[in-house]
Amino acid sequence: MDSVDVHPSALLIGDVVFGGPARVGPFAVIGGETYQVADVPLDTDRSCTRLGAHFSLQAFSYVGGGTVIGAHFRGDAHAYVGTGCTFGEYVVVEYGARVYNRVIIGDGSWIGGFVCNEARIGSRCVIQGSLVHRRTAPHPEPAPIVQDDVLIGANAVVVGGIVIAEGCVVAAGAVIVEDTDPGFMYAGVPARKRGPAHWM
Ligand SMILES: CC(C)(COP(=O)(O)OP(=O)(O)OC[C@H]1O[C@@H](n2cnc3c(N)ncnc32)[C@H](O)[C@@H]1OP(=O)(O)O)[C@@H](O)C(=O)NCCC(=O)NCCS
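Here it is in structure tokens:
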């Protein structure tokens, strides 16, 4: 990758700035809509979509307007990233994963599941489950916060404005509704603490 290579069928809407070499696959869409949810304003910088060097977005994917992404991003086919998001470097959004609006993600995190509006995810996390609001109304409502080095297992659901502390594992299929203590594994429905986490 040594230039900006945008497939002829891809669509760039509004101001889209590439910080270096990039590849955008067939039927991908970047930019455009910067719709607002509730009363959380987009800051003024967010009129522009900024994509770091070595940005790679595969076919049929979407990155919304005003999103700012660090270097070495990879969005697999059918990945969805909403508007006004802020990602660090080396973030991966896997096939079919959905990250909604104004989500913040640290460096080196991999997203394979569902991330609701305004969720915050630290660095070096793997999110294979869902981060969801506890209720759909009224807005604004707190979203989950996931600290660094956390694994959210496949089909696990993190519900509401809780904090999943650094180094935790939420086991596959768990439903977790309360804050966690750092470095522990939680499993079950509802999830309970099982012991020290070890996955890294
Ligand atoms: C949590 C996990 C990492 C195992 O962690 P671990 O620390 O090795 O835990 P153990 O296997 O020793 O199990 C500890 C206890 O939790 C239970 N447990 C483990 N995973 C569980 C799960 N998903 N749901 C319910 N209980 C679970 C075990 O049965 C055991 O219970 P016990 O003490 O009553 O015997 C693993 O089960 C898991 O869910 N991994 C996520 C997989 C995934 O989503 N991968 C996505 C990337 S492809």
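The numbering used here numbers the first residue of the sequence shown as 3 and each following residue consecutively.
Here a beta-carbon is modelled for each residue, glycine too, at the ideal position from N, C-alpha and C.
The structure presented is a predicted model; accordingly, all values stated were derived computationally and were not measured.
Three-state secondary structure (DSSP) of residue i
{"i": "Arg104", "result": "coil"}
{"i": "Ser111", "result": "coil"}
{"i": "Ala55", "result": "coil"}
{"i": "Ser49", "result": "helix"}
{"i": "Pro28", "result": "coil"}
{"i": "Pro146", "result": "coil"}
{"i": "Arg137", "result": "coil"}
{"i": "Tyr97", "result": "coil"}
{"i": "Asp78", "result": "coil"}
{"i": "Ser132", "result": "strand"}
{"i": "Met202", "result": "coil"}
{"i": "Phe214", "result": "With the chain represented from 3 up to 202, any question about residue 214 goes unanswered, as that position is not in the structure."}
{"i": "Arg126", "result": "coil"}
Presumed contact (8 Å Cβ cut-off) between residue i and residue j, rounded CB distance
{"i": "Ser132", "j": "Gly115", "result": "5 Å"}
{"i": "Val177", "j": "Ala193", "result": "6 Å"}
{"i": "Ala81", "j": "Ala55", "result": "That belief does not hold up - the Cβ atoms of Ala81 and Ala55 are roughly 19 Å apart, past 8 Å."}
{"i": "Val159", "j": "Val134", "result": "6 Å"}
{"i": "Val179", "j": "Gly162", "result": "6 Å"}
{"i": "Cys127", "j": "Asp150", "result": "7 Å"}
Spatially closest choice to residue i from the options, by CA coordinates
{"i": "Tyr97", "options": "Ser58, Gly67, Arg104, Met187", "result": "Ser58"}
{"i": "Val152", "options": "Tyr188, Val134, Arg136", "result": "Tyr188"}
{"i": "Thr85", "options": "Asp78, Glu91, Gly27, Tyr102", "result": "Tyr102"}
{"i": "Gly21", "options": "Ile164, Ser111, Thr51, Tyr64", "result": "Thr51"}
{"i": "Ala174", "options": "Asn157, Gly197, Pro28", "result": "Asn157"}
{"i": "Tyr92", "options": "Arg104, Phe75, Ala79", "result": "Phe75"}
Status (buried if at least 16 other CB within 10 Å, exposed otherwise) for residue i
{"i": "Ser49", "result": "exposed"}
{"i": "Asp181", "result": "exposed"}
{"i": "Pro146", "result": "buried"}
{"i": "Asp17", "result": "exposed"}
{"i": "Gly67", "result": "buried"}
{"i": "Val171", "result": "buried"}
{"i": "Ile113", "result": "buried"}
{"i": "Val19", "result": "exposed"}
{"i": "Gly190", "result": "exposed"}
{"i": "Gly169", "result": "buried"}
{"i": "Ala121", "result": "buried"}
DSSP bridge partner residues for residue i (one or two, in chain order)
{"i": "Ile164", "result": "Bridge partners of Ile164: none, in fact."}
{"i": "Gly33", "result": "Ile15"}
{"i": "Arg194", "result": "Ala189"}
{"i": "Asp7", "result": "Arg25"}
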